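Under the numbering used here, the first residue of the sequence shown carries the number 39, and numbering increases by one thereafter.
All C-beta atoms in this analysis are idealised placements derived from N, C-alpha and C, irrespective of residue type, glycine included.
Note that the structure is predicted; figures quoted are calculated from it, not measured.
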Amino acid sequence: MEINEQNLEALATYLRKTLSSNGDERAEAEKTLKQIERNENYSSLLLTLCESSTIPDEIRRASVITFKNFVKRNWPSLDASSSTTNPISIRDRNHIKEHIIDLMTRSPEHIQQQLSDAITVIGKCDFPDQWPTLLDTMVRQFQQPSTRNSFQSINGVLKTAHSLFERYRYEQKSDELWLEIKLVLEKFAPAFTDLFKSLMAYYPQKESDIIEMKNIFDSLYVCIKIFYDLNAQELPEHFEDNLTLYMTHFMTLLSYDHPNLHSDRHDSGILDRVKTEICRAVALYADNYSDEFKPFAQQFALAIWSLLSRLNLSPCFDDLVGTAMRFLSTLAARSHHCSMFEGGDTLKIVCEQVILPNLFLRESDVEEFEDNPEEYIRKDIEKSGSHKGTSFRPLKWTVPERNQSVYLLCVCKYTKCPPICDATHIGLTSTIQKQIENCPLKQEHSNIGDKKLCQQCGFVPDW
């Protein structure tokens, strides 16, 4: 198939018919597309349609979704020993890899996301051996001048990079994996750090521009995710050399506030999501690289403690509270950080100001549990994948999102440093009993979660 106006018009017609409300017409169009997809240049025609600003938006959207699904079905199936011809020829594959990153950065957001998904599929199959130019192409996008459009492009590249690097968090260590990470660190990490510094220097200049601020913080959010990806296996030399820079900026972001970057709904706002990822990243360092993190541990403990004390019980803060508490529990589990909780009434204040307010079920939790217990449990199970304390998952499904980390912090602290906690234990038992007595839900819902949590932590009030 040649790339000409006639073929583009014919393909657009078939795509339009796939959106028809007439089932027969839709099925016939889908069958035709299936027949012609084995023609060379089919994928290039789809990309040409989704790139053209003169094409109606619904056709552009249909073309990019068709392209993404075509890639998902056929790209991984290339096998030199196979007797069947793969629908995507080597020539088409090379053409796609040569142009798709640039096309993604120039596309509207709804098209950009679909192309990013396709790039992820291709990257997982071909990167790095069969797509050696991928990182160079990505890095070039970071060097654009800072404009609203450039941040849209940067966000697309960052999200694609995260989708490719995320597997470094969980894949088993191997020489092959580390060689790939080493390549990423050499080609991607320096430009990535420069981009992060630029974003941190740029956002204070744009505080009055809400759209621009959200774009910048969207980029920062994905940057911190990538920081975690690239540090998950080992501590790379590049990040060790730049550790003070990253930790200083993380501290700045933890203390930063902007009223328009919060959410007024149950979902987290972009600023809260940024802080959540920072807590997750520093928890990784506290857990895996405690010696390198030791100079920063106390200031992060104080900053996160202060942050927690300012948050209310709104569901939009659940992820942030849970991740922040996991960081504190990680510190409490390390003997060389135990002294942070020893001074005066420190532990008592942490428990009373941070832990106890998050210990009890909210009225909205109880209502959701009563109205739709299956949905409540499903949502909690979905969140459980982010928790490190997998041994507590049997308890977690009856406990709100925040309480698993409350449990972790209590247990770590009370088992690691029991002498420090004797007086605090007595005071907290009394405080918990008083809060339970004042809880309007205690009689009707005394078996939901919190009782089990208190018993596990050593607080066993008589309900």
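Residue i: buried (16+ other C-beta within 10 angstroms of its C-beta) or exposed?
{"i": "Leu-340", "result": "exposed"}
{"i": "Pro-94", "result": "exposed"}
{"i": "Asp-62", "result": "exposed"}
{"i": "Trp-216", "result": "exposed"}
{"i": "His-200", "result": "buried"}
{"i": "Ile-157", "result": "buried"}
{"i": "Asp-267", "result": "buried"}
{"i": "His-287", "result": "buried"}
{"i": "Asn-298", "result": "exposed"}
{"i": "Ala-65", "result": "exposed"}
{"i": "Arg-129", "result": "exposed"}
{"i": "Lys-106", "result": "buried"}
{"i": "Ser-211", "result": "It should be noted that the sequence gives Lys, not Ser, for residue 211. With fewer than 16 other Cβ atoms within 10 Å, it is exposed."}
{"i": "Ala-239", "result": "exposed"}
{"i": "Gln-179", "result": "buried"}
{"i": "Asp-356", "result": "buried"}
{"i": "Ile-41", "result": "exposed"}
{"i": "Ser-246", "result": "exposed"}
Are the CB atoms of residue j and residue i within a distance shorter than 8 Å?
{"i": "Ile-219", "j": "Gln-168", "result": "no"}
{"i": "Thr-104", "j": "Leu-46", "result": "no"}
{"i": "Asn-79", "j": "Met-39", "result": "yes"}
{"i": "Gln-182", "j": "Ser-191", "result": "yes"}
{"i": "Met-285", "j": "Phe-334", "result": "yes"}
{"i": "Leu-358", "j": "Lys-313", "result": "yes"}
{"i": "Ser-91", "j": "His-133", "result": "no"}
{"i": "Tyr-323", "j": "Glu-315", "result": "no"}
{"i": "Ile-262", "j": "Ala-319", "result": "yes"}
{"i": "Leu-173", "j": "Lys-225", "result": "yes"}
{"i": "Arg-400", "j": "Leu-349", "result": "no"}
{"i": "Arg-99", "j": "His-137", "result": "no"}
{"i": "Cys-2", "j": "Pro-114", "result": "The question about residue 2 has no answer, for the chain in this structure spans 39 to 501."}
Closer than 7 Å by C-beta to residue i: which residues in its own chain qualify, once you throw out the five before and the five after it? Chain order, please.
{"i": "His-300", "result": "Gly-307, Leu-309 and Asp-310"}
{"i": "Lys-197", "result": "Ser-154 and Val-260"}
{"i": "Val-378", "result": "Correcting the residue identity first, residue 378 is Met in this sequence and not Val. Closer than 7 Å at Cβ, skipping near neighbours: Gln-336, Ala-339 and Leu-369."}
{"i": "Gly-194", "result": "Met-142, Thr-143, Gln-150 and Ser-154"}
{"i": "Pro-353", "result": "His-304 and Ser-402"}
{"i": "Ser-101", "result": "Leu-53, Leu-84, Leu-87 and Cys-88"}
{"i": "Ile-97", "result": "Ala-50, Leu-53, Arg-54 and Leu-87"}
Can you tell me the Cα-Cα spacing of residue i and residue j, whole angstroms?
{"i": "Trp-435", "j": "Lys-110", "result": "For Trp-435, the pLDDT reaches just 30, beneath the cut-off of 50, and the residue's location in the model is therefore unreliable, leaving the point undetermined."}
{"i": "Pro-274", "j": "Ser-344", "result": "30 Å"}
{"i": "Asp-409", "j": "Tyr-294", "result": "38 Å"}
{"i": "Arg-131", "j": "Gln-152", "result": "17 Å"}
{"i": "Asp-302", "j": "Leu-221", "result": "42 Å"}
{"i": "Arg-364", "j": "Ala-321", "result": "7 Å"}
{"i": "Glu-439", "j": "Ser-59", "result": "Since pLDDT at Glu-439 reaches only 45, below the 50 mark, its modelled position is unreliable, and the value read off the structure follows with that caveat. Approximately 42 Å between the Cα atoms of the pair."}
{"i": "Leu-57", "j": "Ile-139", "result": "27 Å"}
{"i": "Ser-145", "j": "Glu-89", "result": "7 Å"}
{"i": "Phe-203", "j": "Ile-264", "result": "7 Å"}
{"i": "Ala-227", "j": "Ile-342", "result": "27 Å"}
{"i": "Leu-71", "j": "Pro-125", "result": "12 Å"}
{"i": "His-374", "j": "Lys-332", "result": "9 Å"}
{"i": "Ser-328", "j": "Ala-371", "result": "11 Å"}
{"i": "Tyr-208", "j": "Asn-269", "result": "12 Å"}
{"i": "Gln-44", "j": "Ala-50", "result": "10 Å"}
{"i": "His-276", "j": "Leu-394", "result": "40 Å"}
{"i": "Phe-291", "j": "Leu-223", "result": "Just to set this straight, residue 291 is Leu in the shown sequence, not Phe. So the alpha carbons of these two residues sit roughly 24 Å apart."}
{"i": "Thr-171", "j": "Val-177", "result": "10 Å"}
{"i": "Glu-412", "j": "Asp-279", "result": "48 Å"}
{"i": "Asn-161", "j": "Arg-205", "result": "Per the sequence presented here, residue 161 reads as Gly, with Asn not at that position. One C-alpha to the other measures close to 12 Å."}
Between which two residues does the alpha helix (DSSP H) holding residue i run?
{"i": "Ser-101", "result": "95 to 112"}
{"i": "His-137", "result": "128 to 143"}
{"i": "Leu-233", "result": "227 to 240"}
{"i": "Gly-360", "result": "356 to 370"}
{"i": "Glu-40", "result": "Note, Glu-40: premise wrong, no alpha helix (DSSP H); not H, not E."}
{"i": "His-287", "result": "281 to 293"}
{"i": "Gln-181", "result": "Premise fails: Gln-181 is in no alpha helix (DSSP H) and is neither H nor E."}
{"i": "Met-251", "result": "248 to 269"}
{"i": "Asp-310", "result": "308 to 326"}
{"i": "Cys-88", "result": "80 to 89"}
{"i": "His-148", "result": "147 to 164"}
{"i": "Arg-64", "result": "61 to 74"}
{"i": "Asp-403", "result": "401 to 409"}
Among residues of its own chain, excluding the 5 on either side of residue i, which ones have a beta-carbon nearer than 8 Å to its beta-carbon?
{"i": "Phe-189", "result": "Glu-250, Asn-253, Ile-254, Asp-256 and Ser-257"}
Please work out which residues of its chain come closer than 6 Å, Cβ to Cβ, to residue i, disregarding the five sequence neighbours upstream and downstream, and give them in chain order.
{"i": "Cys-317", "result": "Thr-361, Ala-362 and Phe-365"}
{"i": "Lys-69", "result": "none"}
{"i": "Phe-407", "result": "Tyr-414"}
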